[in-house]
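What follows is a set of notes on a single structure, which appears directly below.
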Amino acid sequence: MTRRILDRDQAPVGPELVEGLGRGEAFSCWYTKSRRTASRRKPPVAQVTPARGTARRIAGRYELLVKLGSGGMGEVWAARDKHLHSHVAVKLLRPELQNQNPEAKVRFSREAMVLSRLRSPHVVELYDYGTDGGVPYMVMELCEGTSLRDTLAHRGWLTASEVRILVADIAQGLAAVHAEGIVHRDLKPSNVIICDQHVDPVAKIIDFGVARPPASSIHMTGTRMLGSVPYLSPEQCLGETVDRCADLWALAVIAFRALTGSMPFDAQGLGPLMQAILNGSPPAPSSLVPELGDGVDAFFARAFARDPAIRFGDALQMAELLQRALAPLCSGEHLRSDLGPC
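Residue numbers (the numbering used here): 151 to 492.
In structure tokens:
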């Protein structure tokens, strides 16, 4: 099945993204549309007030308001900083791991150390770290918005204009991560949040729970794999030590999914999916979306090269070349100049 990437009559959210839209306008259109349903279900965090005497406080300062989600290692809460009268996100190590899983505490501490080194508008910011009653916690920037995963689930796909902006944001975040010698190792749509509290909505990378410097980034611990299989690079599937090329592979998977509405490697079951990543060939994007053309096909052929040395040299180069490949579909727009030369 194919679709038309610029067909306004068939676009899931209508004809908002017309030629000439600026960055903020374009991002706001699809982002605002994608979160309207969620905004009807619950009020903004700033409007949430816990019943008197019921709110749990961390370190005597951070008043937990609403649980935002939980993962394999931690729970994330929206909270109020009673000292600064501001809203933050508080991540706590899951209760069942606090005494039963020493490795979880080490990973939690490592995530805090990784975040403390990062400064980028496209990476969630760490404000504080410590323990409260023996429970490790992190206090981070509260990104009120929606995840890229939820946006794609709602929309199905994004337009070329939207993908150019999204990939540029993620690439700038990755550039800051890689400049510190860190590899995220679990980049995927659920770990990208579109924050709307800025003048222009901004994509931010979150969850550095399995991030490590390249010198120690081994993906296999016993029989357990770290990372999300659909976004793993071939070297991750083989349990090899990885570098930033693994993150660039994951970014390519995200871009492919956002542009086409399909995954580049699709198989039922963990084993077949890993074999597809190791040995299969992804479909040419133009076979799914004819408007994408040869330039986009060539971009993804390089991005999904089995040999990391053939892939793009860094995240900014990758974003710049994707923008150039998509430029014919975005007439009236200018290539972003803040990415630097290829």
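Positions of the beta carbon are idealized from the N, C-alpha and C atoms, including for glycine.
Asked                                                                                                                            : Found
For A325 and A464, believed in contact at Cβ under 8 angstroms, the rounded distance                                             : Sequence inspection shows Asp at residue 464; the Ala mentioned does not correspond to that position. Confirmed, about 7 angstroms.
Reduced DSSP category for W399 - H, G, I as helix; E, B as strand; rest coil                                                     : helix
DSSP three-state assignment for K354, whether helix, strand or coil                                                              : strand
Pairwise C-alpha distance: V333 and I404                                                                                         : 17 angstroms
At least three beta-carbon pairs within less than 8 angstroms, the stretch 337-347 to the stretch 297-308                        : yes
Outcome for L420 when other beta-carbon atoms lying within 10 angstroms are tallied against a minimum of 16                      : exposed
Per DSSP, cross-strand counterpart(s) of C387                                                                                    : For C387, which the question treats as bridged, DSSP gives no partner whatsoever.
Whole-angstrom distance between V289 and K241, CA atom to CA atom                                                                : 6 angstroms
C-beta atoms of L409 and R461 nearer than 7 angstroms                                                                            : no
Distance between beta carbons of E330 and L268, contact taken as under 8 angstroms                                               : 6 angstroms
Cut-off 8 angstroms between Cβ atoms - residues of its own chain near R207, not counting five sequence neighbours on either side : E213, L214, K232
Continuous alpha helix (DSSP H) stretch holding I427: start and end                                                              : 420-429
Secondary structure of T309, DSSP reduced to three states                                                                        : coil
Identity of the residue in R257, P478, E225 nearest R362 by Cα                                                                   : R257
Proximity below 7 angstroms, CB of L476 to CB of A310                                                                            : yes
Close beta carbons around P384, own chain, < 7 angstroms, minus the five adjacent residues each side                             : I427, L428, R456
Residue environment, M468, which counts as buried when at least 16 other CB atoms sit within 10 Å                                : buried
Uninterrupted beta strand (DSSP E) stretches inside the stretch 270-308 (no shorter than 3 residues)                             : 276-282, 285-291, 295-297
Assumed close pair D447, S436 - CB separation to whole angstroms, cut-off 8 angstroms                                            : 5 angstroms
Cut-off 6 angstroms between Cβ atoms - residues of its own chain near L316, not counting five sequence neighbours on either side : A353
Distance between F406 and V379 (C-alpha atoms, nearest Å)                                                                        : 16 angstroms
Close-in-space but distant-in-sequence residues of the same chain around L308 (CB under 6 angstroms, 5 per side omitted)         : A408
Nearest neighbour of G219, chosen from Q473, G445, S340 [CA to CA]                                                               : S340
Local Cβ density within 10 Å of H235, reported as buried at 16 or more and exposed below that                                    : exposed
Own chain residues within Cβ distance below 7 angstroms of K217, not counting five before or after                               : E225, W227
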